[in-house]
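Chemist:
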Amino acid sequence: MKTQRRQLVLLMLFVSALIPAFAQIAGDQAINSQTGGIDSALLAKANAGDAPSQVLVGESYAAGNGQARNSKQLADDLKQAAEWYRKAAEKGDIAGQMHLAALYRDGGGKGFARDMVQAAEWYRKAAEQGDVTAQGILGTLYSMGQGVPLSYPDAYYWLDLAAHVKGPNQEKYAANRQSIGTRITADELADVQDRVDKWLATHPR
């Protein structure tokens, strides 16, 4: 009888010792479920306001860690990604602005709709800081009237700025600028070139 009682006491002690460990495991699983398995140190930096970390967290949500997702899971993840990109973008972080713009440009199905106005807005913010890719894309958007009013002078302006920078897409930007140039008047071209000269003078590269 005493032996059985002693065994029962030992069993209870053993179980009580395991409870905190199980609770910790459950807690970790819940955190991983809520954060998509994102590294806790990275998440801590992002929550502390580090813009590059916020972009990386956004990328993790957008990628879904390579796991298969249904449409609702994809939409939820893209919304989370957009929130993290926006945190960085609102600080003036170009990577955050470009990621957020691309997310709105491409959309993600029914749960995360395409929004070209938002896309153009964030491309503009990056373009105004001198990002060549953003300038080229914004010029293209103006040439098609997507997310912005159709404007060949504005399209020429942004494509001309992009074409001033050496890079893999320089010739493409120059060719697109030349094509747009056939659609604007001599006076419009003179005005645009004046705008370009002023921008280049205040944004040395």
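For the sequence shown, position 93 (counting from the first letter as 1) is numbered 107 according to our numbering, and the numbering increases by one without interruption.
Where a beta carbon is used, it is the ideal one built from N, C-alpha and C, also for glycine.
Note that the structure is predicted; figures quoted are calculated from it, not measured.
#1: Taking the Cβ atom as the reference point for each residue, do A109 and V69 lie within a distance shorter than 8 Å?
#2: Using DSSP with H/G/I as helix, E/B as strand and the rest coil, what is G63?
#3: As a quick exercise: from G78, S54 and Y99, pick the residue whose alpha carbon is nearest that of A65.
#4: Is it right to say Q111 is buried, meaning 16 or more other beta carbons lie within 10 angstroms of its own, or is it exposed?
#5: So A176 and G150 are in contact, right, with Cβ under 8 Å, and what is the actual spacing, rounded?
#6: To the nearest angstrom, how far is it from the Cα of Y156 to the Cα of M130?
#7: Can you give me the start and stop residues for the alpha helix (DSSP H) that T147 sits inside?
#8: Are the CB atoms of Y171 and I198 nearer to each other than 8 Å?
#9: Which one of A204, Q192, D90 and G72 has the shortest CA to CA distance from G122?
#10: Whole angstroms is fine: what's the gap from I52's alpha carbon to A60's?
#11: Measure the C-alpha to C-alpha separation of E73 and N183 and round it to an integer number of angstroms.
#12: Going by alpha carbons, who is nearest to A188 out of R209, V146, P218 and H217?
Modeler: For this structure:
#1: To locate residue 109, count along the sequence shown from 1; it is residue 95. To locate residue 69, count along the sequence shown from 1; it is residue 55. Taking 8 Å as the Cβ cut-off, A109 and V69 qualify as a contacting pair.
#2: For the purposes of this step, residue 63 is taken as the residue at position 49 of the sequence shown. Coil, per DSSP.
#3: For the purposes of this step, residue 65 is identified with residue 51 of the sequence shown, where counting begins at 1. Checked all of G78, S54 and Y99; the closest Cα to A65 is Y99.
#4: Translated into the one-based positions of the sequence shown, residue 111 becomes position 97. With 16 or more Cβ atoms within 10 Å of its Cβ, Q111 is classed as buried.
#5: The residue labelled residue 176 in the question sits at position 162 within the sequence shown. The residue labelled residue 150 in the question sits at position 136 within the sequence shown. Correct: roughly 4 Å between the Cβ atoms.
#6: Here residue 156 refers to the residue found at position 142 when the sequence shown is read from its first residue. Here residue 130 refers to the residue found at position 116 when the sequence shown is read from its first residue. So the two alpha carbons sit approximately 11 Å from each other.
#7: For the purposes of this step, residue 147 is taken as residue 133 along the sequence shown, with counting starting at 1. Element bounds for T147: V146 to M158.
#8: Counting from one through the sequence shown, the residue named residue 171 turns up at place 157. Counting from one through the sequence shown, the residue named residue 198 turns up at place 184. No, these two residues do not count as a Cβ contact at 8 Å.
#9: As a position in the sequence shown, residue 122 is number 108, starting the count at 1. Of the candidates A204, Q192, D90 and G72, the one whose C-alpha sits nearest the C-alpha of G122 is D90.
#10: For this step, residue 52 is matched to residue 38 along the sequence shown. For this step, residue 60 is matched to residue 46 along the sequence shown. Using only the alpha carbons, I get a separation of about 11 Å.
#11: Start at 1 with the first residue of the sequence shown, and residue 73 comes out as number 59. Start at 1 with the first residue of the sequence shown, and residue 183 comes out as number 169. Distance between the alpha carbons of E73 and N183: 25 Å.
#12: Reading the sequence shown from its first residue, position 174 is the one you call residue 188. Minimum Cα distance to A188 is reached at V146.
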